[in-house]
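Structure first, commentary second.
Protein chains in written order, with the numbering used here: chain S, 2 to 238; chain C, 2 to 238.
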């Protein structure tokens, strides 16, 4: 049965797709992908490039990058309608997402607009925070520890609560509100327990402890912070 | 250079390994794996079975499943010492973990005991909560939402805080403290917003809303709850 597939391609390395993602991509008839500004290909499309079938029809569509949800939903609705027609005529239609389709992705909105109209399948991917931990060979959580994932766009009270109440905190896209978050962590003497990864799993990846930054530094868009309060050296437990 | 590899095999489906995990497994000389009780194979080993090289040497070792960390660390120390010798003699040594090696895994402890002695590499895997969201085709988080992952063994105050302060909460291994968690969610009128997935991505997988359980039900060990407070139907936004 023809379906609409949301496929996670992981955070950057083409080897980080799952076997299931690769097999799904090989059976696609049509791939919808965001129209990137300069060259034709989105990051997700570049990551999946080694696996795209030669005969695959690629439909590049404009996904507005604006704050206003209504504007976005209008253009997503048009794309969703086009996808519905394709699936209903028997085509397997794919939509690639960077990282994991369940983590802050446009796919979730498109899928919501298609629910009840076509069969939807989600193929999980490696999230950026999972890969950050793997790169550092540091656990995200152990034993009874908690992990909170919070976007840098959350308000100060939410960020402070997340930091105060959890053992481990991932702050997504920290560049957006760097000075604010730097100050919250500085006030709690946690700059030394926070690792910042710039461009995780992409060219130009860099890891630095937050204490090595200044509050007015400007970071790349794909920068993520990982706060780990505990010292997980089991030898000293 | 010979290394010690922690390899995530995902939550159950052999197609959910990454290409990188499969390639890493194919280059292993030795695989350490927990000695399971009845038949010889751990769940992780069964999941990876299609990819294990014929000449791979498999060392099944006893990993005690006890509460006491000291007892566990003692037996991990012996295994870590044996792994160190293997890697130092030029062997690529692997250790499989169910799900993601960065998420509540024994690998993190073994790696800690081996830091500075051998080269360590972590190969990320699909976590159980990522696959649960994929199975349900429901987002873990959208926009400015937060996600907290908390084990069912956390105390009541921590569980209540996690539930009160986050948009989305994953409660791992909910079977351990089912009645307590059921009551906390019932008190907040959230039973209908919580999905329980039994045996995620394994044979016997079952999804049910928490409201369809009774407080004294007994659940399988690999059961996870996903609380989603928001209604993510963008059509009604």
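Ideal Cβ placement from N, Cα and C applies to all residues, glycine included.
For the pair residue 16 of chain C and residue 8 of chain S, the CB atoms are not nearer than the 8 Å cut-off. Going by beta carbons, residue 93 of chain C and residue 155 of chain C fall outside the 8 Å limit. Within chain S, the C-beta atoms nearer than 8 Å to that of residue 24 of chain C come from 16, in chain order. As a beta-bridge residue in DSSP terms, residue 32 of chain S pairs with S:59, S:95. Counting along the chain, the unbroken beta strand (DSSP E) around residue 198 of chain S starts and ends at 195-199. Comparing C-alpha distances from residue 207 of chain C to each of C:198, C:80, C:81 shows the shortest one belongs to C:198. In the structure shown, residue 175 of chain C falls within a helical segment according to DSSP collapsed to helix, strand and coil.
Taking 8 Å as the threshold, the shortest C-beta distance from residue 222 of chain S to chain C does not fall below it. Residue 21 of chain C has a beta carbon lying within less than 8 Å of a beta carbon in chain S. The beta carbon of residue 79 of chain S does not come within 8 Å of any beta carbon belonging to chain C, so the residue lies off that interface. Residue 72 of chain C is bridged by DSSP to nothing; it lacks a bridge partner. Rounded to the nearest whole angstrom, the CA to CA distance from residue 122 of chain S to residue 159 of chain C is 34 Å. Not a single CB atom of chain S sits nearer than 8 Å to the CB of residue 185 of chain C. By the beta-carbon neighbour count (other beta carbons within 10 angstroms, threshold 16), residue 112 of chain S is buried. Around the Cβ of residue 41 of chain C, a 10 Å sphere holds fewer than 16 other Cβ atoms; the residue is exposed.
Residue-level contact by beta carbon holds for residue 103 of chain C and chain S, with a gap shorter than 8 Å. Look at the beta carbons and you see the region 97-105 of chain S touching the region 131-144 of chain C: at least three pairs across the two are nearer than 8 Å. Sorting S:119, S:149, S:219, S:230 by C-alpha distance to the C-alpha of residue 82 of chain S places S:119 at the top. Residue nearest to residue 13 of chain C within the set C:77, C:98, C:183 is C:98 (criterion: CA-CA distance).
Considering only C:183, C:44, C:211, C:61, the residue with the shortest C-alpha distance to residue 193 of chain C is C:211.
Interface with chain C (8 Å Cβ-Cβ cutoff): residue 161 of chain S is excluded.
Cβ atoms of residue 147 of chain S and residue 163 of chain C come within 8 Å of each other, at about 7 Å.
For the pair residue 209 of chain C and residue 173 of chain C, the Cα-to-Cα distance works out to about 16 Å.
Minimum Cα-Cα distance from residue 196 of chain C among the listed residues C:70, C:171, C:149 corresponds to C:171.
For residue 145 of chain C, a Cβ of chain S is located within less than 8 Å of the residue's own Cβ. Here residue 170 of chain S carries a strand assignment [DSSP, helix/strand/coil]. With a 10 Å radius around the Cβ and a threshold of 16 neighbouring Cβ atoms, residue 183 of chain C comes out buried. Beta-bridge pairing by DSSP links residue 5 of chain C to C:94, C:121. Proximity to residue 31 of chain C across C:10, C:51, C:55, C:180 peaks at C:55, based on C-alpha coordinates.
By the rule that beta-carbons nearer than 8 Å mark a contact, residue 132 of chain S touches chain C. Straight across, the Cα-Cα distance linking residue 115 of chain S with residue 76 of chain S is about 14 Å. Cβ-Cβ distances below 8 Å link residue 80 of chain C to 33, 62, 64, 111 in the same chain, with the five nearest sequence neighbours on each side left out; the list follows chain order.
Listed in chain order, the non-local C-beta contacts of residue 85 of chain C below 7 Å within the same chain comprise 115, 118, 119, local neighbours out to five positions each way being set aside.
Nearest CB-CB separation between residue 83 of chain C and chain S: not below the 8 Å threshold. Taking 8 Å as the CB threshold, residue 177 of chain C stays off the interface with chain S. In this structure, residue 168 of chain S and residue 231 of chain S form a Cβ contact; the two beta carbons are roughly 6 Å apart against a cut-off of 8 Å.
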